[in-house]
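Protein chains in written order, with the numbering used here: chain A, 1 to 479; chain B, 480 to 764; chain C, 765 to 1072.
We put the beta carbon where it would ideally sit given N, CA and C, even for glycine.
Note that the coordinates shown come from a computational prediction; the quantities given were computed from them, not determined experimentally.
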Amino acid sequence: MHRKASDLTSAFVGRRMGRRELVRRMGQLGLSAAAANFLLNRASTRVLAADFDWKKHEGTSLQLLMNKHPYLDAMVANLDNFKELTGMDVQYDVFPEDVYFDKVTATLSSGSSQYDAFMTGAYQTWQYGPAGWLVDMAELIGDAEMTAPNYDWEDILPNLRASTAWSGVPGAALGGDGAKQWAIPWGFELNSLSYNRRIFEQAGIANPPKDLAELMEQAVKITADVPDVYGIGVRGSRSWATIHPGYLSGFSNYGASDFNVDNGKLTAAMNSDAGKTFTRQWVEMIQNSGPRNWSTYTWYQVGTDLGAGASGMIYDADILGYFQNGGTAEAGNIAYSAFAPNPEADAPTPNVWIWSLGMNANGQQQDAAWYFVQWASGTEHGLFGARTMDFVNPVRQSVWEDEEFRARIAKSYPGYLEQYEASAPGSKIYFTPQPLFFNLTTEWAASLQRMVANEVPVDEGLDQLAESVNGQLKSAGLG
Amino acid sequence: MQRTTTIGRIVRWILLLLVGLFFLFPIFWVLLMSFQTNAQILRIPPSLFFEPTLENYAALISGRLETAAGTLEISFMRNLWNSVILSSSSVLLALVLGVPAAYAFARFRFRLGEDIAFTLLSFRFAPPLLVLLPLALYFQTIGLNDTYIGLIWVYQLIVLPLILWIVRGYFEDISPDIEHAYRVDGHSWIRTFTRIAIPLARPGIAAAALLAFIFAWNNFIFALILASADKQPVTVGALAFVTASGIQYGQIAAAVVLSVTPTLLLALYAQRYLVEGLSLGAVKG
Amino acid sequence: MATRAGEMATTPRRRSARHNLLPYLLSLPALLVCIGILIPFFTAVWYSLQRYNLALPFTRAFIWFDNYKEFLSDARFWNTVQVSLLYTFLTVGIELLLGLGIAMLLRRATLLNNIMSVALMLPLMIAPAIASLMWKLMTNPNFGILSYLVSLVGLENFKWASDPSTALLTVVLVDVWVYTPFMMVLLLAGLRALPPQPFEAAELDGVPASFVFFRITLPMLTPYIITASLFRMLDSIQQFDIIYAMTQGGPGDTLLVFQVAAYLEFFQYTNVGRSAALLMVLWAITFVLSNLFIKQWLRLRERARGAA
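What follows is the structure, encoded as structure tokens:
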């Protein structure tokens, strides 16, 4: 049966058979879609192999440090293909997300060469990079000896490529001159609305909100009219993770920014008029119709509430809403919509989180590790993960255009493709890169908490924050 | 020994009930959760009635979890095993090192005695975070990174001071008279130590060992920083159910139940010795 | 009854040499095994004297005690000191009283009492980080069983850990739930180790129970109370798991105790120097407090020995 399946995939790859035919025949052989895709990927991988010496590092054993995440699951499901392609062995250490970055920081800071490559976010590279722990992969990408010809780096969305590249100069634009590619985008999340159609119906709301004022109205209505449900779920814990999703996306939509950069010196700008206007509304929104335990809310609580039918909508990562549409109480009821909170804005300006792959600068097998990174961020694996597993959002344009992927999403996730298409052009990292990123955003979150608890009025709170931030920047020599 | 009036007894019962309720209700609720699916747990409002399922335990024990996106591997049993090894080895080592030392501090007045005792206690003052990162660096140089031995050594920081000072208290409370009598009969100090002192201090040793085991069991920061994934203890294993696609409360609850079981069994076993305290009282002059 | 002095006087001379070495032989292995920790400890001290941020490697410099001096004028630092001490005081105090009360309830070795004493250890057996996670779910306004029960008695919108005014209360509650069994075990074992004679005598004499408790039980139990409180104090002032899992130090800065602040400084802000300095201050406070406890404990022991 394996032989027959292999024959089928070869036929497809050799363009002697159409895709639908292939899937149908695979089904006849009793193969699940996942298995079929695996074999298909294998065949495609073999084709990949033809133009490039994938076996150069045969026999090497790589060690990866990974976060427990659906992206990892997709990688593991396809890993055998990589092993066969390159003759390399791959071991991976998995840590739960709660403690994952602690492990990464501790490991990298001790100068360990134990791990060759690891998962990271873009913001973390703003620390790891200047600390000298990351390999600049820009050279590797351009090197024909090191990178397969069909890697197609340009296929990765331009905003993502730029957002993961930074020169290390505080305040310098992401993706600007001298930018080092400290991380390769692997999967990303943009911020938009995921809402519960059933609850909206119950509250008598026909369509998701078009701007912040309408959202606030609808949220209040839901909180009042639907029992045991509150209107809008957003994060509120004392962490940088509270600022970067919905809040910063809305903040940027109002034209505000976190810092002003002047001659390489940074000054806090979150207390601009635009910033204050937006934050006032944001705080009001939370106070009137946000979760009661808002200041302890992280990604998990926001998602859980949506999936259990405790909230009417969330303004957070689109894939958070994606995950809540399966295996939960409200599965099948969640829909998606792009969101531009500013009534005067043309389009959404979602901030993004980019899960990426980084390479340990102290690693002893950097060339071999690069083979892994390019395979994992390559088109074949991207297609495999997006079609049959939860490897979303894909970072590659070609994957977004893939029929099968689009069909799968359109079928079970109404509005998802549309919200993506409306949001994608404006989706990038809106923060100003600097090494004190976490300090300052955590303090920003603590400040928001004080505002929501009415301990300080919004305007004053933002002014105090700006003052404190400026002080810290000065001591670090950045301001 | 105590006078018990009927009112006194009723009051006692009520107090005991309240105490039991406060401490045990969450445990009971976690136990219930372990037999529920996530969707049942996250119902509004929460309810005590549901259809039980064993799928959480099945997933943990078999190591495989079936989800919509395929089968995931769970290494929980391995984590459990790691915890057992680390905790029991650390406590055993600490007993071997600590009980004789406790005896020395209790029985002998020697120069530097109190200083050494206090120094040993002071190792407990060092906040783990303070020493962990330099430790990670040094462990790498001497090759103890990611080894059980390295971890057991580091765990002594947690368990040794505890065992030492608790057992010392017990030795201090035991009157030296019986030991003197035994010694005068011609027995060596080591026989006195093992035949008389230790058995008399058993309740204290049992209490100290049990508590030390629990603290070692619940610690995870040392293993997190100093070891790789295959040596992680059970707490890290439970946190693995907090994932991007949702918190699997059912599995965490089952993980909690499974992880508490070895410690509970140990407590039941040690209980015997803890009760012995009564006979000890008879010995005091 | 032979006293320590008496014993020494009757020891034959030829054994005195070995006797002198014996306590050292017994206690030095423990010391030697642990002494290695001094190396990382002094490394950390060295870090605390530097301006050292991993993400700003060019600013690394030796600045002596500047880190500490900065603390003196930093309101957030004093907040940390205040919250940490308050937390420690509340948790140790409540757990002591509660633990003592429960130990008194379970004092007699009946079957029920023995079962209860083991059952009551269960909260302690759950890792504090996981316990916090569970309590977080229990106090969730939507699915939390506790929020539900509390709403039934009229407290509709109780904010638990998300409001500055109730956050400390909530984490203290979780701490009390997890750690009171620790006190209970030690105090119960202590109670059971007390000699029965004074109590039998008191009963025969018809002495009231409260007098027995305050004049007989408590003084005899004091050394155990001190030991148990000491260890709980050490843990509480270094508390990380419970608070971080609940609120990461929030809301605002209300729960930024030492180790939470130090953790954030290192793991999130990569500021090694500041993190180390903060923890050194914690170490110093712990040192001073423990000294107080131990001195008291030793004094009591001396007195007991003298009276024996």
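| Query | Result |
| --- | --- |
| Using a threshold of 7 angstroms, state whether the C-beta atoms of P712/B and S562/B are closer than that. | yes |
| Going along the chain, which residues of the segment 444-455 of chain A sit with their C-beta nearer than 9 angstroms to a C-beta in chain C? | A445, A446, S447, Q449, R450, V452, A453, E455 |
| Rounded to the nearest angstrom, what separates Y728/B and F720/B at their Cα positions? | 8 angstroms |
| Does chain B have any CB closer than 7 angstroms to the CB of L790/C? | yes |
| Return the CA-CA distance between Y123/A and L818/C, expressed in angstroms with no decimal places. | 15 angstroms |
| Cutting at 7 angstroms between CB atoms, please list the residues of its own chain near G321/A, excluding the five before and the five after it. | S194, L306, I314, I334, Y336 |
| Let me see if you follow: with CB-CB separation under 7 angstroms, is A723/B close to chain A or not? | yes |
| For a contact defined as C-beta to C-beta under 9 angstroms, what are the partners of K900/C on chain A? | N293, T296, Q301 |
| Check whether chain C comes within 7 angstroms of I489/B, counting only Cβ atoms and requiring the distance to be less than that. | no |
| Quick one: what's got a C-beta closer than 6 angstroms to T714/B's C-beta in the same chain, skipping five residues either side? | F699 |
| Less than 7 angstroms between CB atoms is the rule here; does N470/A satisfy it with respect to chain C? | no |
| List the endpoints of the continuous beta strand (DSSP E) containing D93/A. | 89-95 |
| Compare the C-beta of S311/A against all C-beta atoms of chain B and say whether one is closer than 7 angstroms. | no |
| Should N260/A be labelled buried (16 or more other beta-carbon atoms within 10 Å of its own) or exposed? | exposed |
| Indicate the three-state DSSP secondary structure (helix, strand or coil) for M134/A in the structure shown. | Checking the displayed sequence, the identity of residue 134/A turns out to be Leu instead of Met. DSSP places L134/A in strand when its eight states are reduced to three. |
| Comparing the C-beta of F438/A with each C-beta of chain C, is any distance below 7 angstroms? | yes |
| What does I801/C touch in chain B if you count any residue whose Cβ is under 7 angstroms from its own? | F602, A605, V610, L636 |
| Along chain C, which residues have their Cβ under 8 angstroms away from the Cβ of R522/B? | F907 |
| May I have a chain-ordered list of the beta strand (DSSP E) segments no shorter than 3 residues that lie completely inside the segment 160-245 of chain A? | 184-196, 230-233 |
| Determine which residues of the segment 695-714 of chain B have a Cβ less than 9 angstroms from any Cβ of chain A, and write them out in chain order. | F699, I700, L703, I704, L705, S707, A708, D709, Q711 |
| Using CA atoms only, rank isn't needed, just tell me which of Q218/A, E21/A, I286/A, Y230/A is closest to N454/A. | I286/A |
| Flag this pair as touching only if the segment 442-457 of chain A and the segment 179-199 of chain A have three or more C-beta atom pairs under 8 angstroms; answer yes or no. | no |
| Excluding the 5 residues flanking L870/C on each side, which residues of the same chain have their C-beta closer than 7 angstroms to its C-beta? | N877, M880, S881, L952 |
| State the Cα-Cα distance for the pair G178/A and F829/C, rounded to the nearest angstrom. | 38 angstroms |
| Return the chain-ordered list of same chain residues with a C-beta closer than 6 angstroms to the C-beta of R491/B, the five sequence neighbours on each side being excluded. | none |
| Using a Cβ-Cβ cut-off of 8 angstroms (strictly less than) and excluding sequence neighbours within five positions of L744/B, which residues of its own chain qualify? | none |
| Between G168/A, N439/A, L417/A, which has its C-alpha nearest Q1032/C's C-alpha? | N439/A |
| Between L818/C and chain A, is any beta-carbon pair separated by less than 7 angstroms? | yes |
| Within 7 angstroms (strictly less), CB to CB, does Q434/A reach chain C? | no |
| Considering only residues of the same chain and omitting the five flanking positions on each side of L215/A, which have a CB-CB separation below 6 angstroms? | P209 |
| I need the boundaries of the alpha helix (DSSP H) containing W400/A, first residue and last residue. | 397-400 |
| Give a yes or no on whether 7 angstroms exceeds the smallest Cβ distance from T934/C to chain B. | no |
| Which of the three DSSP states is assigned to Y297/A in this structure? | coil |
| Run through DSSP, which three-state label would I489/B get? | helix |
| What number of angstroms, rounded off, separates the C-alpha of V399/A from the C-alpha of L690/B? | 55 angstroms |
| K428/A bridges to which residues according to DSSP? | N351/A |
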